[in-house]
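Colleague:
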Amino acid sequence: MPNSEVVVVTGVSSGIGRATAEKFAKRGCRVFGTVRSIAKAAPLGGVELVEMDVRDDASVRTGIHAIVDRAGRIDVLVNNAGTTLIGAVEETSVTEAATLFDTNVFSILRTTQAVLPHMRAQRRGRIVNISSVLGFLPAPYMGLYAASKHAVEGLTETLDHEVRQFGIRATLIEPSFTRTNLDVNAPQAGSKIAAYDRERALASGAVVDSVKGASAPDGVASTIVEAAIGSWRMRRTPAGEASLLRKLRRFMPAGPVDASLRKTFGLA
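So the sequence shown is numbered by my numbering: it starts at 1 and just counts up by one.
(1) First and last residue of the alpha helix (DSSP H) that includes R262?
(2) From what residue to what residue does the alpha helix (DSSP H) around I229 run?
(3) Check each candidate in D53, G63, V12, D56 and name the one with the smallest Cα separation from L44.
(4) Could you give the uninterrupted runs of the alpha helix (DSSP H) lying entirely in the stretch 57-101, keeping only those of 4 residues or more?
(5) With 16 as the cutoff for other CB atoms within 10 Å, does I38 come out buried or exposed?
(6) Please look up how many angstroms separate the CB atoms of T103 and G82, rounded, as I've assumed it's under 8 Å.
(7) Assign G154 to one of three DSSP states: helix, strand, or coil.
(8) Thinking C-beta only, is E174 closer than 8 Å to V133?
(9) Judging by CA-CA distance, which residue of P117, T111, R236, L248 is the nearest neighbour of A58?
(10) Could you check which residue in L144, G190, I67 has the C-alpha nearest to that of A98?
(11) In whole angstroms, what separates the C-alpha of S260 from that of P138?
(12) Rounded to the nearest angstrom, what separates P2 and V8 at their Cα positions?
(13) Looking only at its own chain, which residues have a Cβ that is under 7 Å from the Cβ of E5, when we skip the five neighbours before and after it?
(14) Would you kindly work out how many angstroms separate the C-alpha atoms of G219 and K212, rounded to a whole number?
(15) Cβ of L248 within 7 Å of any heavy atom in the ligand FMN?
(16) Could you give the C-beta distance for I16 and I127, rounded to a whole number, given that I count them as a contact under 8 Å?
(17) Can you tell me whether T158 is buried or exposed, with buried defined as 16 or more other CB within 10 angstroms of its CB?
(18) On the DSSP bridge assignment, give the partners of I16 in chain order.
(19) If you reduce the DSSP assignment to three classes, tell me which class M142 lands in.
(20) Taking just the CA atoms, how far does G255 sit from R249?
(21) Which residues in the same chain as A151 place their Cβ atom closer than 6 Å to its Cβ, once the five residues preceding and following it in sequence are excluded?
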């Protein structure tokens, strides 16, 4: 794909989304970044901000139509907006789970459905969905988050088969912990069951420590840009821990993988 592509990145207020939008702009792309409130968003050089709440059908349709009106087309959609949640499965209410899925999964459905008619008409496009290593690994005390990312994986692989006939491809990015406020300030399930207190505290502390010691979003952003404008691959894991975890999951016996994961979450 040439560098003059029209790119939409959701959730560019901070973290991976912001770094990704900046990298696309530096590559010469015309970049639109979505934020919930333009009034509250910091300016982003080379990026045209669009107000959009990915949890709201009408807001997504309005935002995508505004972008097409201004740019004439959309060549790349990066579904980056997401949230996390810490808590045992038993502690997590259906309402909390639904809210999490609304941001992490159904937002992808909304933006994808809004963009696809335009991509089908132009017979080309690339949809990049941000998953996680927790899209192929379990995550103690992040069970609903892991479930949402597993859903993103299944949705994206299926979507790629369906839209391939139109010259459109869908692809996955599977980062590990990244140094962003999203992970450091992860919300917790509102209902606490005392029996889980010790392990939940250990897992939560391990997540915070992993995030503080993780790489900045820049590396993940580079992987996203390559996935969007480079040759197509179904999934990409950024170099480092994410790539190692993908290899461990694929080649190591289940027992050692299980033990390693429990150690990561402070449960060993």
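C-beta: ideal position from N, C-alpha, C; glycine also.
Modeller: On the basis of the coordinates in this document:
(1) Run containing R262: 254-264, per the alpha helix (DSSP H) assignment.
(2) Per DSSP, I229 is one residue of the alpha helix (DSSP H) stretching across 218-229.
(3) Ranking D53, G63, V12, D56 by Cα distance to L44 puts V12 first.
(4) Qualifying alpha helix (DSSP H) stretches, in chain order: 57-71, 94-101.
(5) Exposed, by the Cβ-count rule.
(6) Going by Cβ atoms, the distance from T103 to G82 rounds to 6 Å, so yes, they are a contact pair.
(7) Of the three classes helix, strand and coil, the one that applies to G154 here is helix, per DSSP.
(8) Yes; because the gap between Cβ atoms is below 8 Å, this pair is in contact.
(9) Checking every option, the nearest Cα to that of A58 belongs to T111.
(10) Checked all of L144, G190, I67; the closest Cα to A98 is L144.
(11) Whole-angstrom Cα-Cα distance: 11 Å.
(12) Residue placement at P2 is poorly supported in this model, since its pLDDT is 46, which falls under 50; the coordinates are not used for a value here.
(13) Here the set comprises C29, D75, V76, I229.
(14) So the two alpha carbons sit approximately 15 Å from each other.
(15) Here there are no bound small molecules, and the ligand FMN is not part of this structure.
(16) About 16 Å; that fails the 8 Å criterion.
(17) Exposed, since its Cβ has fewer than 16 Cβ neighbours within 10 Å.
(18) I16 is not bridged by DSSP to any residue.
(19) Strand, per DSSP.
(20) Distance between the alpha carbons of R249 and G255: 11 Å.
(21) A distance below 6 Å between beta-carbons, with the five flanking residues on each side excluded, links A151 to the following residues of its chain, in chain order: V105.
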